[in-house]
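Take a look at the structure below.
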Amino acid sequence: MQNCTQIAADLYYLGGNDRRLALFESAYPIPRGVSYNSYLLKDEKNVLFDTVDNAIGEQFFENLACALGEDKLDYVVVHHMEPDHSATFARLVERYPDVTVITSQKAAAMLKNYFGFAGKVHLVKEGDALPIGKRTLKFVAAPMVHWPEVLFTYVPEDGILFSADAFGTFGALSGSVMADREIFERDYLDDARRYYFNIVGKYGVQVQNVLKKAAGLKISLVCPLHGPVWGEGFGWYLDKYLTWSAYEPEEKSVAVFYASVYGHTQNAAEIVASAIAAEGVRVRVYDVSVTHVSELLAEAFRASHAVFASTTYNNGIFVSMENFLNDLKAHNFQNRAYAVIENGSWAPQAGALMDGVLSPLKNMRRIGEKTTVLSAVSADSAAALRALGRQIAGDVKAN
Ligand code: FEO
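So in our numbering the end of the sequence shown lands on 746, straight run, no missing numbers.
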């Protein structure tokens, strides 16, 4: 049965939720599910904005049929070709063969590659406009947010921005399509941060570029491809995006990440964390072999300071820590203060190797020399760890 919702004058939400998928993009756990959003704007021309993942295909087509009623589907705007949004495209054009596809040149090539599609396409680019009756669609290029073909659409008459993956989040919708800031902060913000940094975070410069373009627009409604639609309160969420995309820390705090085999490196990490907390500085501690790397990544970007503690393993960094550091590097981790702690029973070298990954990244500042634990924390190494913790806390307070 259809479950479409009118969210503004002539604007319908046609999406739905998947709470069964374990790993989004086969990579990111989504225990709170995910929504795939699609919208229909009815005017003299009726315009569909994106399709959905196959997982909710039937729901989507019922919603679309209901929202259209006896009316014709004139256009489908394809903002983004990733299959979580385009997978049902071929079924759409089968059901609505007269529809004209509006998309970027790069997306048109992908439509051909994914679906062999050779139907009616109206190519658009940055600054193009298309009247649809009382309203106009204005197109904004948003390359690499999150793929190169991405477009946004702005409807100036109503101040609606269709923002593709930008401003999306993991987390299924619970009844209401509209975002409520208080509920979002409680139920979605951690997922939104994890979504941003893992999916789009590598492309902070491109996100900043498109935010600059959006800054001049009067926006009353933001319709992303995942998560709730923003009306009131969007300024608060926009501020988060400005912070995240500038690689600025979200809060002055310390994230302590450790990789430990028999507990001694954990012990070192906990001693540092206790010394930091004793100075009144917020600290969170993570076992990188337990917490999913997508969460570790988001937490590293949230905090202003990070501590990386790893045992030496096969003459290298312990595998889960090495994987995490490589993921940080791949996502342009930068602009942070950090410290390293190593452990080793005969040839400790994880510290130098971790520093070798972190120090070349942009605007990274190491606090203290590496601190070494030989097998188990001793009285001397405990004193050094407590001193490091106090130094880190002092740095948090001073910067
Ligand atoms: Fe939600 Fe980049 O696709």
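By construction, the Cβ of each residue, glycine as well, lies at the ideal position given by its N, Cα and C atoms. All values reported here derive from a predicted model rather than from experimental measurement.
For the pair residue 553 and residue 512, the Cα-to-Cα distance works out to about 13 Å. With respect to the 9 Å criterion, residue 458 and residue 450 are classified as neighbours on the basis of their beta carbons. With a cut-off of 8 Å, the C-beta of residue 646 is classified as distant from the ligand FEO, since no heavy atom of the ligand falls inside that distance.
A straight-line Cα-Cα distance of about 52 Å links residue 466 and residue 634. Assigned with DSSP and collapsed to three states, residue 602 falls in strand. Per the Cβ contact rule, the segment 611-618 is not in contact with the segment 677-687 (fewer than 3 Cβ pairs under 8 Å). Between the ligand FEO and the CB of residue 429, the shortest heavy atom gap is smaller than 8 Å. Taking all protein chains shown into account, residue 389 has 16 or more neighbouring C-beta atoms within 10 Å of its C-beta and is therefore buried.
Bounds of the beta strand (DSSP E) holding residue 353 are 352-355. Per the coordinates, the alpha-carbon of residue 715 lies some 12 Å from the alpha-carbon of residue 740. For residue 478, the enclosing beta strand (DSSP E) stretches over residues 476-478. Checking the 8 Å criterion, the Cβ of residue 361 is out of range of every heavy atom belonging to the ligand FEO. In this structure, residue 363 lies near residue 407, with their beta-carbon atoms less than 9 Å apart. When C-beta atoms of the segment 567-580 are compared with those of the segment 365-385, three or more pairs fall below 8 Å, so the two segments count as touching.
Going by DSSP, residue 485 is part of the beta strand (DSSP E) stretching over 483-488. One Cα belongs to residue 411, the other to residue 374, and the distance between them is close to 30 Å. Here residue 742 is buried: its Cβ has 16 or more other Cβ atoms, across all protein chains shown, within 10 Å. Just measuring C-alpha positions, the residue of 644, 433 and 580 sitting nearest residue 596 is 644.
Judged by their CB atoms, residue 368 and residue 386 are not nearer to each other than the 9 Å cut-off.
Taking a 10 Å sphere around the C-beta of residue 452, we find fewer than 16 other C-beta atoms and assign the residue as exposed. The beta-bridge partner set that DSSP reports for residue 659 consists of 664.
In the structure shown, residue 382 falls within a strand segment according to DSSP collapsed to helix, strand and coil. Rounded to the nearest angstrom, the gap between the Cα atoms of residue 399 and residue 436 is 8 Å. In the assembly as shown, residue 507 is a buried residue. Its beta-carbon has 16 or more other beta-carbons within 10 Å. By a beta-carbon distance limit of 8 Å, residue 704 contacts residue 672. Their separation comes to about 5 Å. Remark: the C-beta of residue 627 is outside contact range of the ligand FEO, defined as less than 8 Å to any heavy atom. Taking a C-beta distance under 9 Å as the contact criterion, residue 718 and residue 691 do not qualify as a contact pair. Sequence-distant partners of residue 613 (beyond 5 residues in either direction) whose C-beta falls short of 6 Å from its own C-beta, in its chain, are 605 and 607. Short of 6 Å from the beta carbon of residue 665, and not among the five residues preceding or following it, lie these beta carbons of its own chain, in chain order: 606, 657 and 658.
Within the segment 572-652, the complete beta strand (DSSP E) runs of at least 3 residues fall at 598-606 and 630-634. Contact between the segment 684-701 and the segment 721-736 is established, with three or more Cβ pairs separated by less than 8 Å.
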